Amino acid sequence: MTTRETRPGSTGGADVPGPLHGGPDDDYTPEQLAAISREDLDRLGAAYDGVQILHVDPGPEPGSAVERRAVRQVGLTFALAGLAAFAFIVIYVGSGWFLPDWHWEITEGGWSALFTPMLGALMGLSLVLVGVGLVLYTKKLLPHETAVQDKHDGSHFDRVTTGATLVGGLHNSGLARRKLITRSLVFMGGGLGLMLIMPLGGLIRNPNTGDPLGTTNWGPGVRLVRDDGTPIRPGDQQPGSLETVFPAVPGGNRQADAATMLIRLRPEQVAVNRPREGQDDFGYGDYVAYSKICTHAGCPVSLYEQETSRILCPCHQSQFDVTQGAKPVFGPATRALPELPITVDDEGYFVARDDYPEAVGPTYWNRERI
Amino acid sequence: MSTTNPQSDAQPDGGSPRVRWSRRPADGTPAAAARARRRSKHRRRVVNVAGLMAALVLTGALYSALSPAYATNEGSGSESAAEAAGRELYERSCISCHGENLEGVPTRGPSLVGVGEAAVYFQVHTGRMPLVRQEADAPDKPAVFSDEEIDQLMAYVQANGGGPTLPSGDLRDGDLAQGGELFRLNCASCHNFVGQGGALSSGKAAPSLEGSSALEIYTAMLTGPENMPVFGDNQLTPDEKRAIINYVQTIDNQADPGGAGVGRMGPVAEGLVIWVVGIGVLLFGIFWMGSKA
Amino acid sequence: MARTATAPGVPTTLLGKAALEVDDRLIVAGPLRRTLNKVFPDHWSFLLGEIALYAFVVLLLSGTYLTFFFDASMREVVYEGSYAPLRGVEMSAAYDSALQLSFDVRGGLFMRQIHHWAALLFVAAIVVHLLRIFFTGAFRRPRESNWLIGVVMLVLALLMGVTGYSLPDDLLSGTGLRIISAILLSVPVIGTWAHWAVFNGDFVGENIIGRFYIVHVLLIPAILLALIAVHLLVLVKQKHTQFPGPGRTEHNVVGNRLFPAFAGKATGLFFIVFGVCAALGGLVQINPVWLWGPYNPAQVSSASQPDWYIGFLDGSTRIFPAWDINLPGDYTIPALFWPTVVVAGAMFTVLALYPMIERKLTGDTASHHLLQRPRDVPVRTSLGVMALTFYVWLMIAGGNDVIADKFDISLNAMTWVGRIGVIILPPIAYVLTYRMCLGLQQHDREVLEHGIETGVIRRLPHGEFIEVHQPLGEVDAHGHGQLAYGGAPVPKKMNQVGGARRAIRGFFSPIEEPAQVELEQRREEHGPAAAESSRELTTSGRPQEGGRPQEPRD
């Protein structure tokens with residue numbers, strides 16, 4: 001290193017390294033190193049890293065048939081990879097320009113439906129070929145060496161000296177003696193830690209305010225309407241039918257807990273219908289209305305089998321019997337689907353007589369209490 | 001909007017504002033759709049009353065015609081040729097389960113009074129009837145009867161039991177997006193998003209809709225075969241049924257733009273693919289890398 | 001600095017000079033040499049973790065691309081894009097942007113599918129990697145910390161998957177979100193509070209997609225990246241484990257140096273993993289959200305399943321009996337709590353603590369760098385297979401409706417098959433695996449003692465038939481081998497010890513002339529080795545154990 005500066009702090013490389021600098025540079029002068037061949041330098045460095053090269057199986061003889069074949073293989077692989085990459089570019093750029101449009105049309109099964117598969121096939125091919133080429137290169141053209149590296153256990157010397165430094169620092173800090181500082185540190189640490197996570201309190205909201213889990217938008221006189229907002233008369237449904245209905249309130253058909261199944265039972269079902277205790281009058285004629293939200297995990301049930309009166313939940317296969325107050329008869333659900341009390345208003349449309357008598361949807365810890 | 005509108009051939013919207021099938025019109029204010037529905041409902045009610053009267057008259061007439069003919073089946077001169085042929089087929093293939101007068105046989109077969117020709121068309125045309133043996137549900141199979149014979153059976157059952165009739169016109173003439181919304185709300189729960197069908201309780205199953213004809217889907221909705229709920233015309237209007245059919249068949253026929261559809265089965269098939277193909281290919285790859293050259 | 005070009009050690013080439021300038025400033029030559037000289041053992045199963053690593057890289061790349069187009073908002077919009085069957089339908093902005101990405105961004109569908117396939121591959125590769133670590137005992141001291149990090153990363157990968165596939169807000173993922181909500185609610189005492197904290201209110205609210213988004217693209221990836229870095233640093237620091245074999249000890253690593261052989265293969269593997277993801281991403285359709293439709297709490301489809309790695313929880317939920325626990329004071333522990341929170345919690349806790357448990361049970365606290373063959377540790381292997389059977393069975397139960405539908409089996413029967421199987425299959429798997437391990441162990445010892453079965457039957461002069469065995473080493477007076485079992489594979493076939501004709505080289509097709517090889521072989525057969533082997537074949541290896549009276553030979 002050279003410097004023309006002579007001001008203090010600008011000594012450049014003219015300073016002399018300390019007595020502990022050394023290392024392998026002391027053992028091997030540049031002249032010595034210059035006299036060693038590259039292979040031996042490689043092995044020397046490896047030896048310093050605890051690596052010994054046991055055995056080298058040289059690659060194929062330069063110019064031999066084996067080498068030429070391998071070179072051809074590797075070269076061909078890389079060339080094909082490049083070819084596939086360029087084909088990808090042509091298809092990506094050219095679609096909609098000099099090739100057919102890539103915008104997919106549902107009525108078409110031609111180019112636009114093949115666009116993504118072609119991109120995938122070409123990119124996949126290209127990348128896999130690059131990988132295969134690299135592996136072929138490594139396996140067929142590089143020398144195979146077997147090396148062994150020593151594994152060192154922890155050094156006792158390192159442990160003792162590091163320990164001395166750590167303990168020395170701790171000792172000098174005097175924390176062991178200065179109890180007031182230790183205690184105030186603990187106090188400060190606890191307070192600081194809590195303070196920093198406090199803003200997460202913004203996430204906490206009281207789930208019991210207004211009992212949102214136990215109530216829905218249904219209420220006395222709320223009409224039962226279809227998804228498109230039209231009300232329903234008792235004559236609209238055939239026996240053995242099911243319609244998903246919503247409360248006639250703004251956004252009622254987007255409420256997660258309001259969806260209700262309005263079921264018109266067949267005469268055979270009416271004959272054996274056993275509503276839950278105290279809910280005998282919840283239905284209207286041969287109509288009954290049950291919550292569509294599974295009491296197990298909240299999926300919409302409604303796989304309604306009108307002959308067997310079963311309602312199946314597609315998520316976990318709970319089955320409810322409509323003629324037994326929608327009580328669970330199979331699967332993991334434990335509670336019956338809540339029944340909505342319904343009647344018909346002056347204009348002859350279905351209305352709810354009240355909200356559900358219990359919480360709809362999945363069970364939770366304090367469901368019975370609120 | 002792009003110049004090539006694939007919807008244009010399915011749903012011509014010549015400049016008129018398209019009806020939005022949003023999920024919000026339940027907002028108290030009755031939407032235009034609701035008014036339209038009420039109007040058409042009015043018309044329907046008149047038709048229904050007329051139909052009911054006609055059915056009553058017909059039933060009465062039939063009853064008087066048939067009850068004496070109960071013992072002697074021949075000689076009911078009011079029967080058309082098709083009905084007579086249908087009766088013959090019925091007595092050969094259906095009577096043991098559905099009874100002599102369509103009244104059904106307990107534990108064997110339901111009553112056919114009121115099911116109409118639509119139900120006969122669906123059941124016989126899809127090969128579900130005649131039933132080979134009593135099972136959890138009737139599987140579809142190649143139809144036993146020819147189209148002509150099915151027509152005769154339909155005529156017989158319609159004449160003697162009454163009920164929904166076959167629709168006419170283009171059964172796919174409906175709004176595609178509306179059909180999708182209705183399909184997901186009413187049908188997908190059993191028949192799956194893409195009409196794949198699905199398992200029901202205790203060995204029953206909702207069949208796949210792939211390759212089903214429009215008339216089969218229509219009559220199934222109209223009559224609610226077996227465990228399927230009935231979707232009468234006051235619940236799903238004929239227009240809405242046509243929209244659903246349009247959606248089902250469009251989805252069924254459309255290509256998969258993202259490559260092989262693997263049955264459009266979702267995560268189960270995808271999981272199999274990643275383990276068999278993905279992990280399989282890569283394991284093969286690292287075996288090959290580890291092997292000696 | 002010396003000015004002459006001939007000064008020793010001073011680079012003359014441009015590259016060399018540049019390297020010198022860099023090293024002058026950063027002093028990297030030493031650490032770089034140590035890295036390049038690092039020895040990696042060569043075994044295919046050590047590349048499994050790399051597959052997961054490279055899948056993660058693909059996920060980062062493709063995921064970053066997706067964020068340019070995705071709008072994680074639950075604002076209601078009306079779809080006006082080019083997919084006709086949904087045009088005019090009201091949906092969330094998230095679903096709308098997922099559709100835009102699929103149909104109106106050039107190559108967007110391709111990138112979406114790459115991302116999803118890479119995610120499935122990521123978790124699958126982690127699981128396979130974990131199985132390799134488990135069954136070979138690579139988690140033993142000093143690698144418990146890395147095992148723990150690995151298990152944490154597996155859990156994070158699952159969370160990553162769940163938050164990821166919920167983002168498009170389609171009908172399938174929305175159903176999943178509904179179940180997640182129910183699971184949160186099912187937690188005793190704090191369930192409703194936790195739900196309100198996560199969803200910012202009742203289900204579904206307007207925040208959950210946005211929150212999942214930031215968790216999916218920032219929080220978990222950042223933690224995962226940091227953990228991957230620690231995982232690799234610990235691996236480098238502790239050096240890789242290796243299978244027992246000639247010259248391999250607890251205190252060395254035998255294999256290839258990082259540069260160039262290992263680096264070449266590893267880079268090649270990266271491209272192959274990327275290529276497989278790309279090929280799947282284009283050729284096999286995954287999660288076609290346009291077919292599922294937008295999420296609506298009143299809609300559902302039959303055969304709604306989560307991605308495969310969550311399938312085991314879906315399965316446990318499906319087969320769990322309807323057992324609510326009613327506590328005094330009208331409190332309830334919902335049935336849903338057990339098969340989801342408890343099963344998942346217990347499975348991952350046991351998995352994470354397994355190294356400590358095994359250390360406690362076996363009392364083995366020594367450091368191990370040599371791997372074990374699964375057969376040599378029958379209890380661990382059997383426990384592993386038992387746990388795996390449990391897991392796979394739950395996963396199958398998670399698809400029981402699809403199985404019931406496709407194979408025409410009763411759904412209720414499938415549920416009962418699941419319930420009974422989950423109880424009786426794992427113990428059966430344990431017993432079978434245990435017997436198999438013992439059998440394999442025994443066979444190894446037998447071969448070491450008596451030699452390889454040659455298939456050559458001889459008839460002794462007094463009429464007895466014996467099979468000639470080829471001993472693997474020196475034999476004692478009774479013809480018994482002197483070799484001890486060293487934990488390495490024992491050759492079981494003659495051609496593994498050169499007893500058969502040398503295999504023609506080449507992976508797919510021969511790269512040698514078969515005739516040439518035959519000639520070579522014949523030439524060798526006249527050498528001393530051939531004479532040696534023929535002598536061994538004819539004179540020893542006769543089974544003479546078992547206290548059988550020795551027949552005098554003639």
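Protein chains in written order, with UniProt numbering: chain A, 1 to 370; chain B, 1 to 293; chain C, 1 to 554.
All residues carry an ideal CB built from backbone N, CA and C; glycine is no exception.
This one's a predicted model, so the numbers in the text were calculated from it and none came from an experiment.
Contact test: residue i Cβ vs the ligand NAP heavy atom, cutoff 6 Å
{"i": "ALA29/C", "result": "Judged by which ligands are present, the structure shown has none, so any question about the ligand NAP falls away."}
Sequence-distant residues of its chain with Cβ nearer than 6 Å to residue i (five each side left out)
{"i": "LEU109/C", "result": "SER102"}
{"i": "GLY232/B", "result": "none"}
{"i": "ALA87/A", "result": "LEU122"}
{"i": "HIS369/C", "result": "THR241 and GLU250"}
Alpha-carbon spacing of residue i relative to residue j, whole angstroms
{"i": "GLU39/A", "j": "ASP364/C", "result": "43 Å"}
{"i": "ASP27/B", "j": "GLN255/A", "result": "Low local confidence applies: a pLDDT of 46 at ASP27/B is under 50, so the model's placement there is unreliable, and no value is given."}
{"i": "VAL28/C", "j": "THR136/C", "result": "36 Å"}
{"i": "GLN470/C", "j": "GLU453/C", "result": "7 Å"}
{"i": "SER410/C", "j": "ALA404/C", "result": "6 Å"}
{"i": "GLY174/C", "j": "PRO306/C", "result": "11 Å"}
{"i": "GLY14/B", "j": "THR165/B", "result": "With a pLDDT of only 40 at GLY14/B, under the threshold of 50, the placement of this residue in the model should not be trusted, and no figure is reported."}
{"i": "residue 377/A", "j": "LEU258/C", "result": "Here chain A covers residues 1 to 370 and nothing more, so residue 377/A does not appear."}
{"i": "ILE183/C", "j": "ILE149/C", "result": "26 Å"}
{"i": "ALA336/A", "j": "ALA326/A", "result": "5 Å"}
{"i": "LEU192/A", "j": "VAL155/C", "result": "29 Å"}
Residues near residue i in its chain [Cβ-Cβ closer than 8 Å; skip 5 each side]
{"i": "GLY203/B", "result": "GLU135, ALA136 and ASP137"}
{"i": "HIS388/C", "result": "What sits at residue 388/C in the sequence shown is Leu, not His. Closer than 8 Å at Cβ, skipping near neighbours: LEU131 and ALA429."}
{"i": "VAL217/C", "result": "GLY63 and THR67"}
{"i": "residue 589/C", "result": "The question about residue 589/C has no answer, for chain C in this structure spans 1 to 554."}
Per-residue burial, residue i [other beta carbons within 10 Å of its own, 16 or more giving buried]
{"i": "PHE465/C", "result": "exposed"}
{"i": "HIS125/B", "result": "buried"}
{"i": "GLY18/A", "result": "exposed"}
{"i": "PRO30/A", "result": "exposed"}
{"i": "PHE262/C", "result": "buried"}
{"i": "HIS251/C", "result": "exposed"}
{"i": "ILE36/A", "result": "exposed"}
{"i": "PRO332/A", "result": "buried"}
Best match in the options for proximity to residue i [C-alpha to C-alpha]
{"i": "GLY255/C", "options": "SER173/A, GLY163/A and GLN52/A", "result": "GLN52/A"}
{"i": "HIS195/C", "options": "GLY23/A, ASP27/A, PRO362/A and PRO8/A", "result": "PRO362/A"}
{"i": "PRO220/A", "options": "THR343/A, GLN32/A, ALA85/A and LEU33/A", "result": "THR343/A"}
{"i": "THR332/C", "options": "TYR304/A, THR323/A, GLN317/A and GLU368/A", "result": "GLU368/A"}
{"i": "HIS480/C", "options": "VAL447/C, SER509/C, THR381/C and PRO510/C", "result": "VAL447/C"}
{"i": "residue 430/A", "options": "TRP44/C, GLU21/C and GLY275/C", "result": "Residue coverage of chain A in this structure runs from 1 to 370, which leaves residue 430/A outside it and unanswerable."}
{"i": "GLY211/B", "options": "GLY109/B, LEU222/B and GLN196/B", "result": "GLN196/B"}
{"i": "ASP408/C", "options": "LEU185/B, CYS190/B and LEU200/B", "result": "LEU200/B"}
{"i": "TYR277/B", "options": "LEU121/C, ASP444/C, SER82/C and ASP24/C", "result": "For clarity, residue 277/B is Val in the given sequence; the question names Tyr instead. Looking at the Cα atoms, LEU121/C is the closest of the given residues."}
{"i": "LEU136/A", "options": "PRO24/A, ARG276/A, ALA70/A and ARG335/A", "result": "ALA70/A"}
{"i": "ASN186/B", "options": "ASN296/C, HIS443/C and PRO168/C", "result": "ASN296/C"}
{"i": "PRO212/A", "options": "VAL162/C, ASN200/C and VAL341/C", "result": "ASN200/C"}
{"i": "GLN238/C", "options": "VAL215/C, PRO461/C and PRO142/C", "result": "PRO142/C"}
Neighbourhood of residue i by C-beta distance below 7 Å, restricted to the same chain and skipping five residues each side
{"i": "GLN441/C", "result": "ARG375 and ASP376"}
{"i": "ALA297/A", "result": "CYS315, HIS316 and PRO362"}
Q.
By the 7 Å beta-carbon criterion, what residues does the stretch 301 to 319 of chain A contribute toward chain B?
A. Taken in chain order, the members of the stretch 301 to 319 of chain A whose beta-carbon sits within less than 7 Å of a beta-carbon on chain B are SER302, LEU303, TYR304, GLU305, GLN306, GLU307, THR308, ARG310, LEU312, PRO314 and GLN319.
(Q) Beta carbons nearer than 9 Å to chain B: which residues of the stretch 377 to 405 of chain C have them? (A) MET395, GLY398, GLY399, ASN400, ASP401, VAL402, ILE403, ALA404 and ASP405
**Q.** Short-range partners of chain B found in the stretch 82 to 93 of chain C, where Cβ spacing is below 7 Å
**A.** SER82, ALA84, PRO85, LEU86, ARG87, GLY88, VAL89 and GLU90
(Q) What are the residues in the stretch 235 to 246 of chain C lying within 9 Å of chain B by C-beta distance? (A) The residues in question: there are none.
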